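As structure tokens, the structure follows; a few thoughts come after it.
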Amino acid sequence: MIPFLLITDLDNTLVGDDAALAELNHQLDYHRKEYGSQLVYSTGRSVTLYHRLTTEQPLLEPDALILSVGTEVYLQGSDIPNAEWADRLSQNWDRELVVATAAHFADLTSQPDSEQRPFKVSYFLTEAVAGEVIPQLEVLLKDQGLDVQLIYSGGLDLDILPRQANKGQAMTFLRETLGISPSQTIACGDSGNDLAMFADRPERGIIVGNAMPELLEWHYANPNGDRYLAQAHCAGGILEGLQHFGFLAV
Ligand code: GLC
Ligand code: MG
388 MIPFLLITDL DNTLVGDDAA LAELNHQLDY HRKEYGSQLV YSTGRSVTLY
438 HRLTTEQPLL EPDALILSVG TEVYLQGSDI PNAEWADRLS QNWDRELVVA
488 TAAHFADLTS QPDSEQRPFK VSYFLTEAVA GEVIPQLEVL LKDQGLDVQL
538 IYSGGLDLDI LPRQANKGQA MTFLRETLGI SPSQTIACGD SGNDLAMFAD
588 RPERGIIVGN AMPELLEWHY ANPNGDRYLA QAHCAGGILE GLQHFGFLAV
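Be aware that the sequence shown starts at 388, since it is given in my numbering, and climbs by one per residue.
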């Protein structure tokens with residue numbers, strides 16, 4: 388068995404099937420102790436909502452954390468976001484102008500204060516109007532000279548982030564910082580903000596069986612042998628994918 392770096396989303400990916408999570412935790416715990424594998428959580432949640440989840444679910448202590456949709460990287464043991472990553476994101480980022488531009492759209496409702504972060508501005512946007520609003524917002528942001536990215540997840544959440552930051556770019560930054568090869572790195576996810584971990588990345592991917600249409604449609608349109616679509620849901624899908632790639636014994 389070779390050590391691997393597992394980078395997994397939390398909501399509806401790692402978390403969602405209690406029995407499967409217990410089994411995956413057991414196997415990961417063993418693999419970390421025996422072979423030095425590493426576990427990283429990559430979530431859209433802020434540090435506040437991440438800590439809340441740790442009180443509700445039996446999560447293993449991770450080796451590192453990627454929070455707020457890739458805009459914050461926390462290396463092992465640190466409570467402070469990695470400064471090198473923050474530095475990169477601050478280039479060309481004008482948070483106030485993003486907020487002022489988005490204020491022109493009545494359909495955008497601000498998410499709670501805890502989810503508004505230095506490099507992340509987040510709204511709720513219903514699916515019924517998302518297809519119309521997002522392209523218009525994109526144009527207006529560009530007209531203001533802003534080079535940002537819009538990420539729509541779960542048919543409800545809209546995140547506006549610096550161009551340099553998403554879960555995929557943060558994953559590669561972390562993997563390189565830890566010195567682990569792409570072929571020993573596996574990303575797992577279920578929704579729109581996870582897509583960046585699978586698109587144009589050298590790492591391997593597992594999409595859980597309960598993935599959202601927004602991610603599945605992209606997956607089918609962009610086939611890749613390094614990406615596995617599991618049948619099982621949530622942690623069961625991660626187990627299935629790790630076995631598929633030979634990282635865990637069947
Ligand atoms: C999490 C975050 C939220 C974000 C969403 C999608 O739910 O709390 O702010 O919009 O993930 O990325
Ligand atoms: Mg999710």
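We put the beta carbon where it would ideally sit given N, CA and C, even for glycine. Predicted model only: the values in this text are computed from it and were never measured.
Distance, residue 637 Cα to residue 646 Cα: Limits of the chain in this structure are 388 at one end and 637 at the other, which puts residue 646 out of reach.
Between the alpha carbons of residue 503 and residue 395, how many angstroms are there, rounded? 22 angstroms
Sub-7 angstroms separation of residue 472 and residue 485 beta-carbons: no
From which residue to which residue does the beta strand (DSSP E) around residue 439 run? Counting along the chain, residue 439 falls outside any beta strand (DSSP E), though it belongs to the alpha helix (DSSP H) covering 434–443.
Using the three-state DSSP reduction, which class does residue 497 fall into: helix, strand or coil? strand
So the alpha helix (DSSP H) residue 528 belongs to, where does it begin and stop? 514–530
Between residue 509 and the rest of its own chain, which residues show a CB-CB distance below 6 angstroms, the 5 nearest in sequence each way excluded? 498, 502, 546
Measure from the alpha carbon of residue 429 to the alpha carbon of each residue in 527, 400, 478, then state which is nearest. 400
N- and C-terminal bounds of the beta strand (DSSP E) containing residue 425: 425–429
Helix, strand or coil for residue 543, going by three-state DSSP, please let me know. coil
Exposure of residue 511, with buried meaning 16 or more beta-carbon neighbours within 10 Å: exposed
So, helix, strand or coil for residue 576, using DSSP? strand
Short of 8 angstroms in beta carbon distance, which residues of its chain neighbour residue 467, apart from the five on each side in sequence? Order them along the chain. 461
Which of helix, strand or coil does DSSP assign to residue 624? helix
Do you know offhand how far residue 489's Cα is from residue 524's? 7 angstroms
Hey, residue 437 and residue 454 are a contact pair by Cβ (cut 8 angstroms); roughly how many whole angstroms apart? 6 angstroms
For the beta strand (DSSP E) containing residue 508, name the first residue and the last one. 508–511
Should residue 400 be listed as close to the ligand MG, given that the test is whether its C-beta is under 6 angstroms from any heavy atom? yes
Flag this pair as yes or no: are the beta carbons of residue 580 and residue 538 separated by less than 7 angstroms? yes
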